[in-house]
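Q: I am attaching a structure below and will ask some questions about it afterwards.
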């Protein structure tokens with residue numbers, strides 16, 4: 564049964580309706596806001612009139628922002644009050660603009676991949692191996708094991724983003740594990756990954772070498788590929804690196820290692836299904852490690868980082 568209003572509560576309502584928000588009144592009286600509004604109506608009391616500044620603010624934000632954010636902007640207004648005022652003013656939602664706002668609500672350096680550098684070539688290589696691009700949504704998504712969440716934190720900082728990293732439970736072939744995922748929305752980043760690094764949404768079996776001309780930047784890209792899809796390990800005290808990828812990409816890696824690090828890479832490329840692989844060991848591996856030591860690029864600690 565609904566509790567009756569006391570004279571003290573009614574006096575408080577009348578005294579404060581013009582001073583504090585209806586939400587605050589409802590909270591202090593421990594009543595639902597709908598009950599407070601109903602009582603005001605019965606008492607013949609009008610709430611605060613809309614000011615010109617409020618109308619201007621609503622005109623600016625209503626087409627773009629979701630209702631939950633509008634409520635945060637208008638502390639003294641209820642959801643129904645906002646929607647009714649928008650209808651009165653003839654305001655309409657701009658669904659396309661709202662979609663863009665939703666995508667770009669987190670900061671990011673949209674120009675990070677515009678010009679080649681050691682830093683962005685490394686990350687482009689890593690994305691080529693372990694990332695997922697969806698041009699239709701302007702989305703770059705990277706999903707790693709939760710043990711590599713620090714790698715995503717570094718990427719997030721590098722591209723000046725405040726996008727969240729999500730830790731989720733996953734089940735793969737009956738084995739449960741945790742993953743870490745970051746989603747970056749940027750039309751320009753997706754475009755530059757395609758133009759400069761030839762990274763597309765269907766890259767698993769079609770990946771091709773990037774358009775990089777600088778030798779050191781090529782090696783940075785290769786280190787990114789290694790951290791994404793490659794492996795480094797010891798066999799009989801000899802270091803060995805295995806690369807996975809398409810035939811064109813692996814042929815490019817072999818040629819780049821030969822012409823840039825001046826090492827012999829004569830190992831054959833092997834095919835297993837649609838995926839190709841080849842391995843290097845001894846001097847080529849040591850030369851690659853020495854290059855990483857001399858050049859300031861980030862790398863995954865549990866891979867080549869163990870030997871740098």
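Residue numbers (the working numbering): 564 to 871.
C-beta: ideal position from N, C-alpha, C; glycine also.
Pick from 771, 597, 694 and 687: whose alpha carbon is nearest that of residue 780?
A: Closest by alpha carbon: 687.
Q: In three-state DSSP terms, what is residue 770?
A: coil
Q: Please work out which residues of its chain come closer than 7 Å, Cβ to Cβ, to residue 572, disregarding the five sequence neighbours upstream and downstream, and give them in chain order.
A: 592
Q: In chain order, what residues of the same chain have a beta carbon less than 8 Å from the beta carbon of residue 667, not counting five sequence neighbours either side?
A: Cβ neighbours of residue 667 beyond the five flanking positions: 748 and 749.
Q: For the candidate residues 824, 805 and 838, whose alpha-carbon lies nearest to that of residue 830?
A: 805
Q: Per DSSP, what are the beta-bridge partners of residue 872 in this structure?
A: This structure leaves residue 872 out entirely; the chain is present only between 564 and 871.
Q: With 16 other CB atoms within 10 Å as the buried threshold, where does residue 638 fall?
A: exposed
Q: Report, in whole angstroms, the separation of the C-beta atoms of residue 787 and residue 870, which I expect to be a contact under 8 Å.
A: At roughly 17 Å, the Cβ-Cβ gap does not stay under 8 Å, so residue 787 and residue 870 are not in contact.
Q: For residue 870, which of helix, strand or coil comes out of DSSP?
A: helix
Q: Going straight from the alpha carbon of residue 679 to that of residue 777, what length do you get?
A: 9 Å
Q: Note down the Cα distance separating residue 821 from residue 695, rounded to an integer number of angstroms.
A: 30 Å
Q: Using 8 Å as the threshold, is the C-beta distance between residue 789 and residue 867 below it?
A: Yes, they are a contact pair.
Q: My guess is that residue 744 and residue 760 are in contact by the Cβ rule of under 8 Å, so how many angstroms apart are they, rounded?
A: No, residue 744 and residue 760 are not in contact; Cβ-Cβ is about 21 Å, not under 8 Å.
Q: First and last residue of the beta strand (DSSP E) that includes residue 805?
A: First-last of the beta strand (DSSP E) with residue 805: 801-808.
Q: I need the straight-line Cα distance from residue 617 to residue 633, nearest angstrom please.
A: Straight-line measurement puts the Cα of residue 633 at about 11 Å from the Cα of residue 617.
Q: Per DSSP, residue 694 forms a beta bridge with which residues?
A: 705
Q: Quick one, which of 856, 828 and 857 has its alpha-carbon nearest residue 845's?
A: 828
Q: Have a look at the DSSP bridge pairing and note the partners of residue 567.
A: Partner(s): none; residue 567 has no beta bridge.
Q: Is it right to say residue 825 is buried, meaning 16 or more other beta carbons lie within 10 angstroms of its own, or is it exposed?
A: exposed
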